[in-house]
Amino acid sequence: MSLIRRFILVTAALFIVAAAFAQMSDQQLIEELKRYSTSGLSQEQVLSELASKGVTREQLERIKAQYDASKAASSGSIATPENRVRESAATGPDQVVVVNAPTQGPGEVFGRTLFSSKNLTFQPSLNLPTPENYQLGAGDEIIVDIWGNSEYNFRQRISPDGNIHIPNIGPVFLNGLDIKEASTKIRRAFSRIYSDLAAASPKTYIKTSLGNIRSIQVNIMGEVTLPGTYTLSSFATVFHALYSAGGINEIGSLRDIKVYRGGKIIAETDVYDYLLRGDNSGDIILKEGDLVRVEPYKKRVHLTGAVKRPMWYELKDNEPLETLIQYAGNFTSNAFKKNIRLTRKGDTELKVYTIESEIFDSFMLKDGDEVIADQILGRYENRVSISGSVFRPGDYALDSSIKTLKDLVTKAEGPTEEALLTRVLLYRENADLTTRVESIDLEKLLNGTKPDINLAKNDRLFVPNKNELRDELFITLAGEVKRPDNYPFVHSMSIEDLILQGGGLLESASRARVDVSRRIKNPLSTEESLVQSEVFSFTLHRGFIVNGDKNFTLRPYDIVIVRRSPGYEEQKNVSINGEVLFGGTYTLVEKEERISSVIKRAGGLTTGAYIKGARITRIMTPDEYAQMQATLKLTRDRGRGSDSISVESLNLSGVYQIGFDLAKALSNPGGEDDLVLKAGDELTIPGMNNVVKISGAVMYPNAVAYSRDMNMSDYIKNAGGYGFRARKNRAYVVYMNGKVSKGPSSRIEPGCEIIVPYKPERDKMNTGEILGVSTSIASIAALIMAIIK
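Position 363, counted from 1, in the sequence shown is what my numbering calls 400; the numbers after and before it change by one each time, with no gaps.
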């Protein structure tokens, strides 16, 4: 089959001949391609012969796609011996025209895509019980099973002369018999060998069934996509035949399909019976030599608008407008059903008709009529509405129970408590559908001191809300309370009430000072004032005002501030570890407690303490942390790695070290070196560390034993000397207490670290940059020469 595929590919690419209708079916084309693949003809000769037979380029492309699909599908199939599932040599789904049917829209003909959908093939099932009226013919396979006292299996196809040949019995004529008649005749024939079959109480049993069925040839003509002769299953029906021919073409009728047998019409099929009523009586089983003919349509009408299925429909001569509406699924819920508009093509111009609903069942349509079902108007004929501060806002019917404004308010179960009744708004339409508004005193109207007002269609009444017209009223509680926040204003609220609502006072609150600030407002003022607010101070005792106006009540937007007690402080802890007698956490006794005091409280230093290495680690405040972040970002932006091992390695840990001299702090308590400690400080007193660490731009970073006789250069030599990119004059020393010294003459102490920074890396210029610089230099040189001349 590889030769067939090659021929399909080449001929499809070169094919340019188009015909109105193909004269060869797909199955016939496949057979022709098989013959050509072994004929020895050139591709050009094959092309010429196929074109002369009416084969189109589209047909070749379709056959190629079907061949590829069938090849892929068959790769996973497994043949099983003695398989009694019926097979047929008739046209299968992979040998028929399959068109992806579009979704039927308003411009489509109802039902025309039925036979071109890949999801609906109407292929007969070959694995159902054989119909009793099925007539056997040449090519049908007969299966005979005998069991009981004797066992025998026999299967054979009916020969072209209508016989099967049974060994030791001879020919048995079955052509034209149904399966029941054939079973009787075969039983009688086998009774000659198995006499027990004819006994009154047989011990041997026989069953005759139909195996693989024959194929038939059917001619499909008229308005189909691919008219021609098709090989189909003997179970095939009219619908499957139409599917095999690619479906109905654009001018084909779905309602006038005739089946001819022996030159006579034996059936007339109306597809609408199947689509709309589920009646498939017209989908009869075809026989050898049948002719299926699709006539051109006679009358198509286009129905659009407010129907459930707006499309083109094919009508018979006796079907009125009402039938068309039923075919379209009837009107939608928003359809205007009183009349329908119609546009009809006359001999010279168009004509418009308005068809009243009374004559829908008698008005006959013509081919090409455009029928439009309108929608109802998108407005109301009896609606009035009420909104705002009433208990049941919404739309209401203007009828005998609601005629006036009072009726409408009563129907809405009256105004709510916060309704502003002295000025409600009534919106009313003018004759030109513009809107005007009227202000009404609803309070007087409801109590009868003002006459009621008759309502009109589409009136809208709005009842305002008093609270919505005012600013939101609140009081602010701040300071040393459990829940500082804004609280809704209520009348007669005191300071004590507000503090209780805020959860009460904190332990840190001062009862000696509570301040209230109040806005100064004078809506009638015409002059600017320098005074912005009033401030009131109070003293509390057990939750009550002691000093101040005891009858003082809060007003909207007052700010109540509970001050912090001046002498209140939470405990602040520091930690000390290392070479002290009693290390651990200590609470600061004074605001300015110093290092010497805490060490004294910790029992003093041990004999192994290395005083020069003492250091303090302090937690950054939020301001310090933000400042360090800004500094670090600036450093990274200006030059990455220009002065250190790598600026990119810098990050913030939230703490920093403080370098100080512990010996001076202990010898001079309260002096400059005796630092004041802060909450969270960690004081570390290390033991002796008699090594020196060398890192950075050296050949082999390491640590060596401290020697009083060695300087910085000696230690760097112990690390292999300076590296290739070392900045020798920028080397520095970091001591254990956090202090830093720069330069080769820096003092070396036990436990310190010598750091040699790297020189910054310089980006090398690529070839393009070198050429650019060279060109710029040449241009500048030329300009200078021109100026000199």
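Cβ atoms here follow ideal geometry from the backbone N, Cα and C, with glycine treated the same way.
Residue pairing by DSSP places Ala-372 opposite Gln-412 in a beta bridge. Its Cα nearest to that of Ser-704, the residue Ile-632 stands out among Thr-360, Ile-632, Glu-386 and Tyr-334.
A distance of 8 Å or more separates the beta carbons of Ile-653 and Ala-700. The closest CA to that of Tyr-189, considering only Asp-384, Ile-243 and Ser-232, is found on Ile-243. Secondary structure at Arg-520: coil, using DSSP grouped into helix, strand and coil. Distances from the alpha-carbon of His-202 to those of Met-530, Ala-226, Leu-323 and Gly-185 put Ala-226 closest. Assignment of beta-bridge partners to Glu-393 by DSSP yields Asn-376. For Arg-473, the pairing in a beta bridge is given by DSSP as Arg-465.
Assignment of His-202 by DSSP, reduced to helix, strand and coil, places it in the strand class.
In this structure, the CA atom of Asp-316 is about 15 Å from the CA atom of Tyr-364.
Asn-355 sits exposed, since fewer than 16 C-beta atoms from the chains shown fall within 10 Å of its C-beta.
Of the other Cβ atoms in all chains shown, fewer than 16 fall within 10 Å of the Cβ of Arg-745; this residue is therefore exposed. Here Gly-185 is bridged, per DSSP, to Thr-241. Going by DSSP, Lys-481 is part of no beta strand (DSSP E) but of the alpha helix (DSSP H) stretching over 479-484. The Cβ atoms of Ile-512 and Val-599 do not sit closer than 8 Å to each other.
Cβ neighbours of Arg-592 within its own chain (closer than 7 Å, five residues either side excluded): Arg-555.
With respect to the C-alpha of Lys-403, the residue from Val-338, Ile-362 and Phe-368 having the closest C-alpha is Val-338.
Cβ-Cβ distances below 8 Å link Ala-546 to Gly-516, Glu-517, Val-518, Val-599, Arg-600, Arg-601 and Ser-602 in the same chain, with the five nearest sequence neighbours on each side left out; the list follows chain order. Counting only runs of at least 3 residues, the region 754-800 fully encloses the following beta strand (DSSP E) elements, listed from N- to C-terminal order: 769-771, 777-779 and 790-793. Going by beta carbons, Asn-205 and Ile-230 fall inside the 8 Å limit. With the rule of 3 Cβ pairs closer than 8 Å, the region 490-498 counts as touching the region 413-429. The continuous stretches of alpha helix (DSSP H) do not include Tyr-693, which lies in the beta strand (DSSP E) extending over residues 692-695. Closest in alpha carbon position to Ala-639, among Gly-615, Ile-656, Lys-628 and Arg-655, is Gly-615. The count of Cβ pairs closer than 8 Å, one atom from the region 327-338 and one from the region 369-376, stays below three, leaving the stretches out of contact. Assigned with DSSP and collapsed to three states, Glu-218 falls in helix. Close CB contacts of Pro-197 within its chain, under the 6 Å cut and outside five residues either way in sequence, are with Ala-175 (chain order). The alpha-carbon separation between Glu-509 and Tyr-594 amounts to approximately 10 Å.
By the Cβ-count criterion, Asp-177 is buried, with 16 or more other Cβ atoms from all chains shown falling within 10 Å of its own Cβ. In its chain, beyond the 5 residues on either side, Ala-365 and Gly-366 have a beta carbon closer than 6 Å to the beta carbon of Arg-346. Assignment of beta-bridge partners to Asp-552 by DSSP yields Ser-574 and Ile-598. The C-beta distance from Asp-310 to Gly-300 rounds to 25 Å, too long to fall under 8 Å, and the pair is not in contact.
Within the region 246-283, the complete alpha helix (DSSP H) segments of 4 residues or longer fall at 275-281, listed in chain order.
Per DSSP, the unbroken beta strand (DSSP E) holding Ser-422 starts and ends at 420-425. Between the region 266-277 and the region 206-220 there are fewer than three C-beta pairs closer than 8 Å, too few to call the two in contact. Residue Lys-503 holds the alpha-carbon nearest to the alpha-carbon of Val-461 among Lys-503, Lys-448, Asp-432 and Glu-450. By the criterion of at least three beta-carbon pairs nearer than 8 Å, the region 713-722 is in contact with the region 609-626.
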